[in-house]
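In our numbering, the protein residues as written are 13 to 414.
We treat Cβ as the ideally placed atom computed from N, Cα and C, and that holds for glycine.
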Ligand SMILES: Nc1ncnc2c1ncn2[C@@H]1O[C@H](COP(=O)(O)OP(=O)(O)O)[C@@H](O)[C@H]1O
Ligand SMILES: [Mg+2]
């Protein structure tokens, strides 16, 4: 079983690269599904599928080639399948505020429903052994980051709030129904949530198991894109989801010597080097800009050849965690595995939300989580093979809440 996520900013090439990888996996003989969470679905366009076929399948996997399926989640179908009772209650609740029925139904689509639906599929496919390989074409970075935090957030919700709500509904319900017009959720609402939660059970373990799941971040060699990629890198590391490659897509080919592109080429080279610096020791794979849009099976095959060459695209392109965040007694610690044991002095430099670490010739640039960036004191110590960086005196939300 292998799950590979492709994440990155909109337009960098996630859908094309997911499809290309899926094609290669299927050719290698693995039963593969490429799933898309991007609302601007384009998997079906890339494979040139007829509208009719999509309409018939409504969010279910579509067989497109030997061993290869694609699946584009359709939120309205998902509501029907998984969220009916929850959605019904929420729309009813919203309508009591005087909202128009159609608007209420639309607003009752909560952020996260699509992502949870996707997690349900992952769990089902893994547990039922339905596919050998799951490739995920994630939504643009911001949303895919929210998606990885869902299992943790849900667990909290179910354990704390949900029990409280349920008890409240039981005791307050009959009274409230007589006094106010606000509908109180019925048993079917709670049962539906509980049922959903049951089916999500264990998915967080699948996501953080590096033998099964790895993330590949896709970027273009440009300043703005790279910054967002660093941020994604930090979040995936915070959630302990392993990143095994960075793909730098749309690199202008060297054969292009038109004066007009000279500056573009130079700046791309600069940001390619920067990427290696930021993400080392995770390998960076440059992929050149094709002559035209990447459409259709042959073009996608070429793309996968460009990315992986002779490497196995399902292999673990990098093993190990380059760094790890640990929170202990309200304080944050960053633990970085050094490739060598060094007696050289450690030099730390914090510039706004970035920390630059130098140990001899070793240099690492780490983007800091917001809580940590506010720290007043930063100290480092070598502990065995790890360099531990301690942050103190930052803004601590938990303390503030008290
Ligand atoms: N290496 C490349 N060379 C040429 N065109 C590319 C390349 N990678 C992606 N594209 C094109 O860029 C557009 C956006 O790619 P897409 O995969 O849809 O990005 P995303 O899913 O990240 O939004 C598509 O038209 C795609 O064909
Ligand atoms: Mg896309």
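- Looking at the DSSP output, residue 147 shares a beta bridge with 16 and 46.
- Not one heavy atom of ligand 2 sits closer than 7 Å to the Cβ of residue 33.
- Its chain contains 99 and 103 as the residues whose beta carbon lies nearer than 8 Å to that of residue 117, once the 5 sequence neighbours on both sides are disregarded; these appear in chain order.
- With a 10 Å radius around the Cβ and a threshold of 16 neighbouring Cβ atoms, residue 79 comes out buried.
- Under the Cβ criterion (8 Å, minimum of three pairs), the stretch 133-141 counts as touching the stretch 214-224.
- Within the model, the alpha-carbon separation for residue 16 versus residue 335 is close to 20 Å.
- If the five residues before and after residue 94 are omitted, its C-beta is found closer than 7 Å to the C-beta atoms of 129, 132 and 208, all from its own chain and listed in chain order.
- Rounded to the nearest angstrom, the Cβ distance from residue 258 to residue 294 is 6 Å, consistent with a contact under 8 Å.
- For residue 347 and residue 253, the gap between their C-alpha atoms comes out near 16 Å.
- Counting only runs of at least 3 residues, the stretch 237-318 fully encloses the following beta strand (DSSP E) elements, listed from N- to C-terminal order: 255-263 and 296-300.
- Contact check between the stretch 106-113 and the stretch 65-77: fewer than three CB pairs, one atom from each, fall below 8 Å, which does not count as touching.
- Residue 99 sits in a helix when the DSSP states are folded into three classes.
- Annotated as distal: residue 275 and residue 264, with beta-carbon spacing of 8 Å or more.
- Residue 343 and residue 384 have their C-alpha atoms roughly 9 Å apart.
- Here the alpha carbons of residue 182 and residue 20 stand approximately 45 Å from one another.
- Residue side-chain check: residue 26 places its Cβ nearer than 7 Å to a non-hydrogen atom of ligand 2.
- The way I'd put it, the stretch 284-302 does touch the stretch 363-382; three or more beta-carbon pairs between them come closer than 8 Å.
- In the DSSP annotation of this structure, the continuous segment of the alpha helix (DSSP H) that includes residue 128 starts and ends at 125-139.
- Judged by DSSP secondary structure, residue 93 falls outside any beta strand (DSSP E); it is assigned neither H nor E.
- Taking 8 Å as the cut-off, the beta carbon of residue 360 is found no closer than this to the beta carbon of residue 350.
- With a 10 Å radius around the Cβ and a threshold of 16 neighbouring Cβ atoms, residue 272 comes out exposed.
- For residue 206, the enclosing alpha helix (DSSP H) begins and ends at 199-212.
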